[in-house]
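Mature numbering (1 follows the signal peptide of the UniProt record, and there is no 0) puts the sequence shown at residues -18 to -1, 1 to 243. Since the structure comes first, as structure tokens, the remarks are kept for the end.
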Amino acid sequence: MKKVLLLAIFLIAQSFYAQNQIAKKPETVIIINNEIATMDQVMKYGNEGYVKSMNKGVSEEKRNELAKKFGDKIGDREFIVVVEVFTEQEKIENDKKLKTDVAEQQTPAKQEQFLLNVNDKAKDFTLKLVDGKEVKLSDLKGKVVLVNFWATWCAPCLQEFYDIPSKILEPFKNDNFVFLAISSGETETAVAKKVVKLKKDGLDFNFGIDPKEIIWNQYATNSIPKNFVIDQNGIIQYVAVGNAEGNLDKIASEIKKLLSK
């Protein structure tokens, strides 16, 4: 468990320090015990085994609550990491549990992430875009399509968006390639509001809405972001979950391979 938490901290640290290289990527704000903290503090708690949980992203209600308390230090930033730490007593109990788990060699159950996988035929759908237009997947036959599932409250999704122009859109702008960003389970109003902010930051995608999760429920389950690379014949050739380091590079590599055929 401790190794998993330290890996999560490492990935967040990379994101935290890399932002200086991306002009328009918003800063990450770290909250520990309801106070603004530094990455060094997170690393210290992690190394000592005090990190209880870590959430990359908060609800709009929580973000507004933090903005009210901290003012401009929060502002309209989407990238908020909330870290909970153990009390001394909780840490003692958690250390005992970890020792027991190791002794019993318990293996956590694997969570299902995808309903459609590599080599499956992509389920057809008609996606309504925030500008009112509609896109039908089957009409894109002959093109490589990247389907991305995201949400306005999902910090990893938004962090991924800021790298998509340079890693995905620009390299394939003159090719038979289409990117569809599908907001899952959110109202058109909520998505349109977020899209205004994203477009101001230069993120001008095919933003679509799936308020009743009709499309999502045919493709995947559990966490977002999720990406599906679909080939010219409508067959899924690559799937990815999360926004781990190197994810978009792998996706770009798969798209390039398909376009070269």
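Virtual Cβ for every residue (Gly too), placed ideally from N, Cα, C.
Requested in this report: Ignore the nearest five residues each way along the sequence and tell me which others in Q23's own chain have a CB closer than 7 Å to its CB.
Outcome: A distance below 7 Å between beta-carbons, with the five flanking residues on each side excluded, links Q23 to the following residues of its chain, in chain order: I14.
Next on the checklist: Using 8 Å as the threshold, is the C-beta distance between K125 and N101 below it?
Outcome noted: no
Next on the checklist: Rounded to the nearest angstrom, what separates T20 and N215 at their Cα positions?
Outcome noted: 48 Å
**Prompt:** Tell me which same chain residues have a C-beta within less than 6 Å of the C-beta of E116, skipping the five on either side of it?
**Reply:** T108, K110
**Report entry** Sheet register partners of I14 (DSSP bridge)
**Finding:** E17, V65
- Task: Determine the DSSP secondary structure at K232, reduced to helix, strand or coil.
- Result: helix
key: Residues near A174 in its chain [Cβ-Cβ closer than 8 Å; skip 5 each side]   = V112
query = What does a CB cutoff of less than 8 Å around K73 pick up in its chain, not counting 5 residues either side in sequence?
reply = G31, Y32
Out of G39, V65, V223, point me to the one whose CA is closest to K26's CA. V65
Rank I12, N209, K123, E168 by C-alpha distance to the C-alpha of P193 and give the top, closest one. Selected option, being the one with the closest Cα: E168.
Check your understanding: Among all the DSSP beta bridges, which residues are the ones paired with I218?
Key -> I212
Exercise. For E227, does the count of other Cβ atoms within 10 angstroms reach 16, so buried, or fall short, so exposed?
Worked result: exposed
Give the DSSP bridge partners of K44, in chain order. DSSP, once it has assigned bridges, lists no residue as partnering K44.
Going by C-alpha to C-alpha distance, which of N130, Y144, K179, E170 sits closest to F161? N130
Going by beta carbon distance, what residues of the same chain come within less than 7 Å of Q87, once the five residues before and after it are set aside? Per-residue confidence for Q87 stands at a pLDDT of 47, beneath the threshold of 50, marking its modelled position as unreliable; no derived number is given.
- Task: Evaluate the contact criterion for the segment 188 to 202 versus the segment 228 to 241: three or more CB pairs, one atom per stretch, below 8 Å.
- Result: Judged by pairs of C-beta atoms under 8 Å, the segment 188 to 202 does not touch the segment 228 to 241, as fewer than three such pairs exist.
- Message: Using C-beta distances below 8 Å, list every residue in its chain close to I150, excluding the 5 sequence neighbours before and after it, in chain order.
- Response: L128, F161, L230, I233, A234, I237
Going by DSSP, what residues sit across from D192 in a beta bridge?
-> In DSSP, D192 forms a bridge with S166.
Point to revise | Contact belief for L185 with F61 at Cβ below 8 Å, rounded distance in angstroms | key: About 14 Å separates the two Cβ atoms, so there is no contact after all.
### Query
Looking at C-alpha atoms only, which residue of P207, E70, K44, A172 is the closest neighbour of C136?
P207
W132, enclosing beta strand (DSSP E) - first and last residue
126 to 132
Cα-Cα, which of S41, E70, V67, K55 is closest to I18? K55
So is F210 buried or exposed if we call it buried at 16+ other beta carbons inside 10 Å? buried
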